[in-house]
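For the sequence shown, our numbering begins at 15 and goes up steadily by one.
Don't be surprised by glycine CBs; every beta carbon is placed ideally from N, CA and C.
Because the structure is a prediction, the values reported are computed rather than measured.
Written below as structure tokens is the structure these notes are about.
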Amino acid sequence: MIKIPSFHARSIRAHLFWTYAALVTVLVVALMALAELAASRIVFDGAQRELEQLGRRTQEQLLRFQEPARAWLEATANDPHAGLEGDNDISVLRMQMSMQQRYPQIGSLVFGYPDGSFQQNMVLRSARDRAWAKSLPEARYAQQIIRVDERQKRTEEWVFYDQQMTAIASQRRPWGERYDPRDRPWYQGASDLNLGTFQATDPFVLKVPEEFGMALSRPLSGARGGVAAAMFTVGGLSDFLHARGEESRAELILFDAQGRVWGWSQADRLRRLLGSGTPLSLSSLSDPLYGSLHKLVEQGAAQDTPIHSVEGAGGQRFAAVVMPMEGVFSHKAYVALVSDQNLLLAQVRRMRWMLLGVGVAGLLLLLPMLFWMANRLATPLKNLVRSAKHIREFEFDSDIPQDSDISEVRRLQESLALARIALQGFSRYVPRPLVKHFIANRLTPQAGVEQRELAVLCAALDEQHATAVTWSPHAEHYLQILAVEVAQGKGMMDRYESCTAVALWNTPLNVSNPAGYACEAALRAVDAMRALAEGLNTTVKPPCFGLDFGGATVGNFGTWDHLTFTAVGAPLDTARALARQANALGLNVAASRAVALAAARYFRFRLAATVPLGPRGELHEVYELVERIVHEADAKHVRVSEPAAVA
């Protein structure tokens, strides 16, 4: 029998569960992505506001950075005792030294006069400063005075002070450096200014300390004239920016419109780079990060301060904000605030992991609900599948429940229930075995008949027991055995009439050697029935069999609304007659000559008698089916190893 192929598929519960899980996962991932985008925007906006606020604070602090020097210049310009005019008033000196100690960004305070006289007050902060001034190790402050007499003779005097601002040494030195304040940038511009006006210089190389710096200068109002100036070192300004950068974990760079660096929070590095004696520009730094800062100034508007993502050395990304600074040393300058972009995104990454944890936890919490939802839909569908399987097996005993609260499933239940009722009613007119046969072999029944060579097996009880009672209970066991053997032997049970049962071979399916299959089924049925009779110890003997082989008419007989698949013809009548002769002759299986000839290669036959059969009383040879010639497995596959003869 051909079996309907089966396909391995997951249950609908699994499909629904994983579908729901996938949808929820996609939803969670989408929400996480949107939340991350929103968090990134919030973080970047917050970072931009923070950097802008830092820039404004830095601008304010840079303005305050100059305030002590401006205040000193305001007081000094109109003080007749300042500088060389005051003959080194110790109180004035101590005030100046205290201011320098308090504000380390001020490198030195100087006075220059039209005749070339010069006075400088400085703080000796490092061993390098003391070595340059050739002072004692304990000296902390120094005053350098260059005087010019009537004969233009220049004399140089040094006075050194300790930590308590007490003079500890005084030296006169020959003039060797030929220092003339009138040649310095801080003097040249300020001498031409009106009184009360400040001048801010570009960076230049200071004398003490020997590094780049800038100066705020103002003309003196005394009768002698001259210029007072406060010197600021680039290193001191960088130390100031370094302190601001440490507070905000950002890198600060102060530069002008030409890209010249005035200050850098990396103060030590800036000092090393300025050691060559040449000014430092952003483009001269070996990092594309700093070169891009000047490009941002050239490309953006002055009032535009968005946060930019710029690339540094090694592909590292930085967040940068460039802000204009008005009034810093009376120049147009810019302050750039640079921060590692990874630090800004650290909060985004933390939020990402937090969202991932929340999403996973939510998904785990939703799994029971997803399983419940899938089971709620899958359970009625599984019941419908079970009911459909019963209907396919023509088992109409169980009802189909219609209790689902899902409208589509409820309609499916109703439709299957109606199909069950219709098929149950139709099965009253069409034999169930025939319908099962057509379904199993995927055949379409059609009205009409055809001629076929059939092997017919008829089983009949002894006529003296041929009453309805004799079929129950033990005779029914015999018929069940016969039906099983016929089905396993590729045959078809055709009908049950009175005390006989008829089976056919080679219809509706084609089989090779139908007579051989019929003989095999008959012998197996005889053996099984004998064993049953011995076990039951019944008085009802097993039926005897008649076998015939020949042409018959088979097909669907009847009308369009009532078809019956059966066969009619001489082989069926002859098989019934042979079954009766088997009972009369005491044979288990009586076969016609046609069967003996067709199956002679596989089975052994013995001529039992020659008797008249049929309405005309023609003589027919009756053969007894004795045994198989080959083993059972070989006989079932129609394989023979040696020829057989008809006795």
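- Residue 569 sits buried, since 16 or more C-beta atoms from the chains shown fall within 10 Å of its C-beta.
- The stretch 579–588 makes no contact with the stretch 533–549: fewer than 3 CB pairs, one atom from each, lie closer than 8 Å.
- Look at residue 507 here: in three-state DSSP terms it is strand.
- Fewer than three Cβ pairs drawn from the stretch 488–495 and the stretch 586–604 lie within less than 8 Å of each other, which leaves the two stretches out of contact.
- Residue 67 and residue 292 have their C-alpha atoms spaced approximately 33 Å apart.
- The stretch 158–175 and the stretch 225–236 do not touch, with fewer than three beta-carbon pairs separated by less than 8 Å.
- In the three-state reduction of the DSSP assignment, residue 331 falls in the strand class, which pools E and B.
- Rounded to the nearest whole angstrom, the CA to CA distance from residue 321 to residue 71 is 17 Å.
- About 6 Å separates the CB atoms of residue 513 and residue 474; that is less than 8 Å, so the two are in contact.
- Using a C-beta cut-off of 8 Å, the stretch 194–206 makes no contact with the stretch 171–180, since fewer than three inter-stretch Cβ pairs fall below that distance.
- The C-beta distance from residue 604 to residue 595 rounds to 5 Å, short enough to fall under 8 Å.
- When only Cα atoms are considered, residue 248 and residue 228 end up about 7 Å apart.
- Following the DSSP letters along the chain, one finds residue 597 inside the alpha helix (DSSP H) bounded by residues 584–599.
- Between residue 135 and residue 111, the gap from beta carbon to beta carbon is short of 8 Å.
- Counting along the chain, the unbroken alpha helix (DSSP H) around residue 105 starts and ends at 104–116.
- Counting along the chain, residue 270 sits inside the beta strand (DSSP E) bounded by residues 265–270.
- By the C-beta density criterion, residue 330 is exposed, having fewer than 16 other C-beta atoms within 10 angstroms.
- Non-local beta-carbon contacts of residue 117 in its own chain, meaning distances under 7 Å to residues more than five positions away in sequence, involve 82 in chain order.
- Of the residues 138, 305, 413 and 507, the one whose Cα lies closest to the Cα of residue 120 is 138.
- Contact annotation: residue 156 and residue 147 have beta-carbon atoms nearer than 8 Å.
- The three-state secondary structure of residue 34, taken from DSSP, is helix.
- Residue state for residue 212 is assigned as coil, using DSSP reduced to three classes.
- Put simply, the backbone Cα of residue 96 is about 28 Å away from that of residue 145.
- In the assembly as shown, residue 215 is a buried residue. Its beta-carbon has 16 or more other beta-carbons within 10 Å.
- Around the beta carbon of residue 561, 16 or more other beta carbons lie within 10 angstroms, which makes this residue buried.
- Ranking 404, 599 and 610 by CA distance to the CA of residue 563 puts 610 first.
- With a cutoff of 8 Å on beta-carbon distance, residue 614 and residue 601 are scored as not near each other.
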